[in-house]
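K.L.:
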(Lines of atoms letter the chains of each structure in order from A and count residues from 1; the text may use other names and numbers.)
(Lines give C-alpha, C1' and ligand atoms only; values in the text may rest on other atoms or scores of the structure.)
Protein backbone atom coordinates (compact mmCIF):
# COMPACT_ATOMS: atom_id res chain seq x y z
CA UNK A 1 0.00 0.00 0.00
CA UNK A 2 1.27 3.44 -0.92
CA UNK A 3 1.83 5.71 2.19
CA UNK A 4 0.89 8.83 0.23
CA UNK A 5 -2.54 7.46 -0.73
CA UNK A 6 -3.20 6.48 2.89
CA UNK A 7 -2.54 10.07 4.04
CA UNK A 8 -4.78 11.41 1.27
CA UNK A 9 -7.63 9.11 2.35
CA UNK A 10 -7.26 10.23 5.97
CA UNK A 11 -7.36 13.86 4.87
CA UNK A 12 -10.50 13.18 2.78
CA UNK A 13 -12.22 11.60 5.80
CA UNK A 14 -11.32 14.58 8.01
CA UNK A 15 -12.65 17.09 5.45
CA UNK A 16 -15.81 15.03 4.93
CA UNK A 17 -16.43 14.83 8.69
CA UNK A 18 -15.93 18.60 9.10
CA UNK A 19 -18.34 19.35 6.23
CA UNK A 20 -20.97 17.00 7.71
CA UNK A 21 -20.66 18.65 11.13
CA UNK A 22 -20.99 22.14 9.60
CA UNK A 23 -24.09 21.05 7.63
CA UNK A 24 -25.66 19.64 10.82
CA UNK A 25 -25.00 22.91 12.69
CA UNK A 26 -26.48 24.98 9.84
CA UNK A 27 -29.51 22.68 9.72
CA UNK A 28 -30.10 23.11 13.45
CA UNK A 29 -29.77 26.89 13.17
CA UNK A 30 -32.14 27.16 10.20
CA UNK A 31 -34.75 24.56 11.07
CA UNK A 32 -34.48 24.64 14.85
CA UNK A 33 -35.86 28.20 15.25
CA UNK A 34 -39.33 28.87 16.62
CA UNK A 35 -41.92 30.10 14.17
CA UNK A 36 -41.88 33.89 13.69
CA UNK A 37 -45.53 34.20 14.74
CA UNK A 38 -44.65 32.95 18.22
CA UNK A 39 -42.23 35.86 18.68
CA UNK A 40 -44.52 38.69 17.56
CA UNK A 41 -45.70 40.73 20.56
CA UNK A 42 -49.35 41.57 21.04
CA UNK A 43 -50.41 45.00 19.76
CA UNK A 44 -50.46 47.89 22.24
CA UNK A 45 -53.70 49.86 22.23
CA UNK A 46 -52.01 53.24 22.66
CA UNK A 47 -50.11 53.08 19.37
CA UNK A 48 -51.89 50.54 17.19
CA UNK A 49 -55.06 51.25 15.22
CA UNK A 50 -57.91 48.88 15.73
CA UNK A 51 -61.48 48.50 14.61
CA UNK A 52 -62.31 47.27 18.09
CA UNK A 53 -64.88 49.46 19.84
CA UNK A 54 -63.57 51.06 23.02
CA UNK A 55 -59.97 51.52 21.87
CA UNK A 56 -58.25 54.90 21.61
CA UNK A 57 -55.02 54.89 19.58
CA UNK A 58 -52.47 57.00 17.71
CA UNK A 59 -50.35 55.83 14.77
CA UNK A 60 -47.67 58.14 13.40
CA UNK A 61 -44.01 58.32 12.52
CA UNK A 62 -41.24 60.81 13.19
CA UNK A 63 -41.95 64.18 11.61
CA UNK A 64 -40.04 66.55 9.38
CA UNK A 65 -39.30 69.78 11.33
CA UNK A 66 -41.82 72.55 10.72
CA UNK A 67 -45.21 73.90 11.75
CA UNK A 68 -47.38 70.87 10.91
CA UNK A 69 -47.69 67.37 12.41
CA UNK A 70 -49.33 64.58 10.40
CA UNK A 71 -50.81 61.66 12.33
CA UNK A 72 -51.38 58.66 10.05
CA UNK A 73 -54.30 57.38 12.07
CA UNK A 74 -56.11 58.47 15.20
CA UNK A 75 -58.84 56.30 16.70
CA UNK A 76 -61.12 57.63 19.41
CA UNK A 77 -64.28 56.19 20.92
CA UNK A 78 -65.67 59.68 21.51
CA UNK A 79 -64.85 62.92 19.65
CA UNK A 80 -62.14 64.97 21.33
CA UNK A 81 -58.70 66.43 20.76
CA UNK A 82 -55.18 65.48 19.84
CA UNK A 83 -52.58 67.84 21.31
CA UNK A 84 -48.89 68.14 20.48
CA UNK A 85 -46.67 68.69 23.52
CA UNK A 86 -43.04 69.78 23.67
CA UNK A 87 -40.65 67.66 25.71
CA UNK A 88 -40.05 68.75 29.30
CA UNK A 89 -37.18 66.66 30.73
CA UNK A 90 -38.55 63.38 29.35
CA UNK A 91 -42.27 64.03 29.85
CA UNK A 92 -44.97 66.01 28.01
CA UNK A 93 -44.63 69.76 28.49
CA UNK A 94 -46.13 72.86 26.89
CA UNK A 95 -48.84 72.35 24.26
CA UNK A 96 -47.87 73.83 20.88
CA UNK A 97 -50.87 72.70 18.83
CA UNK A 98 -54.17 70.86 18.91
CA UNK A 99 -56.77 69.55 16.48
CA UNK A 100 -60.33 68.26 16.75
CA UNK A 101 -60.75 64.50 16.21
CA UNK A 102 -64.10 62.97 15.26
CA UNK A 103 -65.21 59.65 16.71
CA UNK A 104 -63.80 56.68 14.80
CA UNK A 105 -60.57 56.32 12.83
CA UNK A 106 -59.10 59.10 10.69
CA UNK A 107 -55.84 60.80 9.71
CA UNK A 108 -55.23 64.12 11.50
CA UNK A 109 -53.20 67.23 10.66
CA UNK A 110 -52.17 69.54 13.53
CA UNK A 111 -50.92 73.07 12.83
CA UNK A 112 -48.45 74.22 15.49
CA UNK A 113 -48.03 77.63 17.13
CA UNK A 114 -44.23 77.18 17.12
CA UNK A 115 -42.16 75.03 14.76
CA UNK A 116 -40.66 71.69 15.67
CA UNK A 117 -36.86 71.74 15.88
CA UNK A 118 -34.70 69.07 14.26
CA UNK A 119 -33.60 66.47 16.83
CA UNK A 120 -36.21 67.43 19.44
CA UNK A 121 -38.74 65.09 21.06
CA UNK A 122 -42.49 65.74 21.05
CA UNK A 123 -45.65 63.99 22.26
CA UNK A 124 -48.97 63.51 20.46
CA UNK A 125 -51.61 63.01 23.16
CA UNK A 126 -55.35 62.35 23.05
CA UNK A 127 -57.59 64.60 25.16
CA UNK A 128 -61.30 64.49 25.94
CA UNK A 129 -63.65 67.40 25.23
CA UNK A 130 -65.76 68.97 27.98
CA UNK A 131 -68.60 69.55 25.49
CA UNK A 132 -67.79 73.04 24.22
CA UNK A 133 -65.60 71.92 21.26
CA UNK A 134 -62.93 74.41 22.35
CA UNK A 135 -59.60 73.01 23.45
CA UNK A 136 -58.69 73.83 27.04
CA UNK A 137 -55.76 71.88 28.50
CA UNK A 138 -57.22 72.22 32.01
CA UNK A 139 -60.81 71.14 31.24
CA UNK A 140 -60.07 68.67 28.42
CA UNK A 141 -58.17 65.96 30.29
CA UNK A 142 -55.82 63.44 28.66
CA UNK A 143 -57.51 60.16 27.67
CA UNK A 144 -56.35 56.97 29.36
CA UNK A 145 -56.36 53.36 28.17
CA UNK A 146 -57.68 50.32 30.03
CA UNK A 147 -54.41 50.15 32.01
CA UNK A 148 -54.81 53.77 33.16
CA UNK A 149 -51.95 54.98 30.92
CA UNK A 150 -52.30 58.25 29.00
CA UNK A 151 -52.88 57.54 25.29
CA UNK A 152 -49.93 59.23 23.59
CA UNK A 153 -47.19 58.69 21.06
CA UNK A 154 -43.62 59.95 21.45
CA UNK A 155 -41.99 61.16 18.23
CA UNK A 156 -38.99 63.15 17.04
CA UNK A 157 -38.58 65.97 14.58
CA UNK A 158 -35.87 64.95 12.15
CA UNK A 159 -34.79 65.98 8.68
CA UNK A 160 -34.44 62.28 7.86
CA UNK A 161 -38.21 61.79 8.22
CA UNK A 162 -40.21 60.98 5.11
CA UNK A 163 -40.83 64.14 3.07
CA UNK A 164 -44.58 63.29 3.11
CA UNK A 165 -44.52 64.17 6.82
CA UNK A 166 -42.96 67.56 6.15
CA UNK A 167 -44.44 70.21 8.43
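In the working numbering, the protein residues as written are 7 to 173. For glycine and all other residues, C-beta sits at the position ideal for the given N, C-alpha and C.
DSSP three-state label for residue 122, please.
P.N.:
The count along the chain shown starts at 1 and reaches residue 122 at position 116. In this structure, residue 122 counts as coil in the three-state DSSP scheme.
K.L.:
Hey, is the region 158-170 in contact with the region 105-113, meaning 3+ C-beta pairs nearer than 8 Å?
P.N.:
Not touching, per the Cβ criterion.
K.L.:
Can we say the region 87-105 touches the region 113-124, given the rule of at least three CB pairs closer than 8 Å?
P.N.:
Yes: the two stretches touch, three or more of their Cβ pairs being nearer than 8 Å.
K.L.:
Does the CB of residue 16 have a neighbour CB from chain D at under 8 Å?
P.N.:
Looking at the structure shown, chain D is missing, and only one protein chain is on hand.
K.L.:
Let me check understanding here. Comparing Cα to Cα, which of 32, 25, 114, 144 lies closest to residue 80?
P.N.:
By one-based count along the chain shown, residue 80 stands at place 74. Closest by alpha carbon: 114.
K.L.:
Take residue 134 as the anchor and find which of 142, 128, 147 has the nearest alpha-carbon.
P.N.:
Mapped onto the chain shown, residue 134 falls at position 128. If we check each option's Cα against that of residue 134, 147 comes out closest.
K.L.:
So what's residue 35 in DSSP terms, helix, strand or just coil?
P.N.:
Here residue 35 refers to the residue found at position 29 of the chain shown. Three-state DSSP puts residue 35 in a helix.
K.L.:
What residues in its chain sit with their C-beta under 6 Å from that of residue 139, if we drop five residues either side in the sequence?
P.N.:
Here the question's residue 139 lines up with position 133 in the chain shown. Taken in chain order, the list of residues that qualify is empty.
K.L.:
Following the continuous beta strand (DSSP E) through residue 104, name the residue where it begins and the one where it ends.
P.N.:
Walking along the chain shown from the start, residue 104 turns up at place 98. 98-107 is the span of the beta strand (DSSP E), which, as asked, contains residue 104.
K.L.:
Using a 10 Å radius around the Cβ and a threshold of 16 neighbouring Cβ atoms, would you call residue 51 buried or exposed?
P.N.:
Here residue 51 corresponds to residue number 45 of the chain shown, with the count starting at 1. Any reading at residue 51 must be qualified, since the residue scores a pLDDT of 37, below 50, and its modelled position is unreliable; no value is offered.
K.L.:
Using the three-state DSSP reduction, which class does residue 23 fall into: helix, strand or coil?
P.N.:
Here residue 23 refers to the residue found at position 17 when the chain shown is read from its first residue. If DSSP states are grouped into helix, strand and coil, residue 23 belongs with the helices.
K.L.:
Going by DSSP in three states, residue 153 sits in which element: helix, strand or coil?
P.N.:
As a position in the chain shown, residue 153 is number 147, starting the count at 1. Residue state, collapsed to three classes: coil.
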